[in-house]
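For the sequence shown, our numbering gives the first residue as 6, with consecutive numbering after it. Taking it in order: structure first as structure tokens, then the write-up.
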Amino acid sequence: MCLSKTMKLAEYNKIVECLETVHCDGTKESLALVQQQFPSVSHHTLISIYSQRVQVKTKGHHSQHTSPGAVEHYYAKYRKRVSDPLYKWGTILVGLASEIDFSPALLARIVLERHLFYTSGDEAPVPKSRVTKLFREPHLIQDPVLSLEVQQCVLLDSSYGPVVESIKHSIGVELEVHLKKTLQDHGLAFIGEEEMRKKGYDKTPDVKLQVPIAVGGRVVNWMESKASFGDRHSHENYMRDQFWSYVNRFGSGLVIYWFGFIEELATSSEQGIIVADDFPKHFTNLIPELECAK
């Protein structure tokens with residue numbers, strides 16, 4: 006079966022509804038239940054859609070979970086459960102995160118910061134740099150129980166935390182390298198972000214083509230690699246924060262959402278931004294003597 010990455014908005018909405026219906030938590034088991042309902046959709050696409058939905062929901066409720074009252078409540082609950090033999094160490098914060106429907110990693114950071122404040126003997130807030138270091142290297146936390154708890158939260162959280170961020174960064178770099186290698190294989194000259202920044206550009210696409218190409222009758226001056234699924238929310242944010250700047254400075258371009266996108270987003274090509282889920286199979290070089298159709 007050929008697995009698809011792009012889809013109509015109606016199918017995307019059905020996937021989102023299914024993710025909520027089966028109470029998907031990002032584990033292989035829960036994602037497998039969703040995969041059964043949508044066998045033609047790739048696994049990586051489902052993971053990306055799930056992760057984006059979690060991030061949108063988390064941002065919407067973040068202030069609720071980080072208010073002074075909530076922080077004290079969560080820390081007190083954690084301390085109480087640590088001393089309760091009914092609770093197994095290494096499962097307390099993960100369980101609490103599930104109860105309040107919040108990111109395990111973000112909850113772990115909240116509790117860690119509060120723990121450091123109470124054990125420091127200082128009225129001043131704990132430096133963010135110290136919290137971040139221990140959050141990224143939980144084995145350095147002196148309290149063995151909290152160390153285990155934070156480690157478990159970081160390992161089990163599929164959307165937030167240093168492990169996930171490291172994986173996302175690696176995939177992003179890998180796909181950007183793949184894009185550049187593909188351009189080189191096709192003999193297309195380009196300059197990267199570092200070179201463009203040296204020329205004084207603050208917002209730059211991943212690559213700027215030295216010679217434009219035409220894709221589907223539209224001119225492509227630059228390309229941007231996105232290791233994610235292109236839904237409306239993320240695409241609109243990228244349009245506002247990145248893509249419009251690229252169009253204004255370099256002209257029309259191509260955005261590749263490697264894990265697929267909602268097909269209705271293709272209308273943005275009218276605004277100078279072509280959306281794709283892979284490097285174009287067919288293109289034309291706009292310099293006649295170098296004309297080629299791949």
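Think of the CB as a built atom: it goes at the ideal place given N, C-alpha and C, for glycine as much as any other residue. These figures come from a predicted structure and were not determined experimentally.
Roughly how many angstroms separate the alpha carbons of residue i and residue j, rounded to a whole number?
{"i": "E241", "j": "S164", "result": "21 Å"}
{"i": "V182", "j": "R84", "result": "46 Å"}
{"i": "L51", "j": "T137", "result": "30 Å"}
{"i": "V27", "j": "Q40", "result": "11 Å"}
{"i": "K82", "j": "S103", "result": "14 Å"}
{"i": "E34", "j": "E128", "result": "45 Å"}
{"i": "C158", "j": "R141", "result": "11 Å"}
{"i": "Y80", "j": "D283", "result": "46 Å"}
{"i": "F266", "j": "S53", "result": "10 Å"}
{"i": "L145", "j": "R135", "result": "11 Å"}
{"i": "M305", "j": "V280", "result": "Because residue 305 is not part of the residues shown, which for the chain are 6 to 299, the question remains open."}
Run through DSSP, which three-state label would residue i get?
{"i": "Y262", "result": "strand"}
{"i": "V136", "result": "helix"}
{"i": "T96", "result": "coil"}
{"i": "T32", "result": "coil"}
{"i": "T71", "result": "coil"}
{"i": "V46", "result": "strand"}
{"i": "G126", "result": "coil"}
For the putative contact between residue i and residue j, defined by C-beta atoms under 8 Å, what is the C-beta separation to the nearest angstrom?
{"i": "E268", "j": "K13", "result": "5 Å"}
{"i": "L117", "j": "L161", "result": "So it is not a contact: roughly 16 Å between Cβ atoms."}
{"i": "D148", "j": "H120", "result": "7 Å"}
Tell me, please, which residues DSSP counts as bridged to residue i.
{"i": "W227", "result": "K213"}
{"i": "M12", "result": "I267"}
{"i": "V280", "result": "V260"}
{"i": "N290", "result": "I218"}
{"i": "G197", "result": "V212"}
{"i": "G65", "result": "The partner list for G65 (beta bridge, DSSP) is empty, contrary to what the question assumes."}
For the segment 170-190 against the segment 222-237, are there 3 or more C-beta pairs whose distance is under 8 Å?
At 8 Å Cβ cutoff, the stretches touch.
Any 3 or more C-beta pairs closer than 8 Å across the segment 85-105 and the segment 142-157
Yes, they touch.
Are at least three pairs of beta-carbons, each pair with one atom in the segment 187-197 and one in the segment 236-251, less than 8 Å apart?
In short, these stretches do not touch, since the Cβ pair count stays below three.
Evaluate contact between the segment 60-74 and the segment 253-267, counting only Cβ atoms and requiring at least three cross-stretch pairs below 8 Å.
Of all C-beta pairs linking the segment 60-74 to the segment 253-267, fewer than three are shorter than 8 Å, placing the two stretches out of contact.
Stretch pair the segment 213-225 + the segment 276-294: three plus CB contacts closer than 8 Å:
The segment 213-225, when compared against the segment 276-294, does touch it at the 8 Å Cβ threshold.
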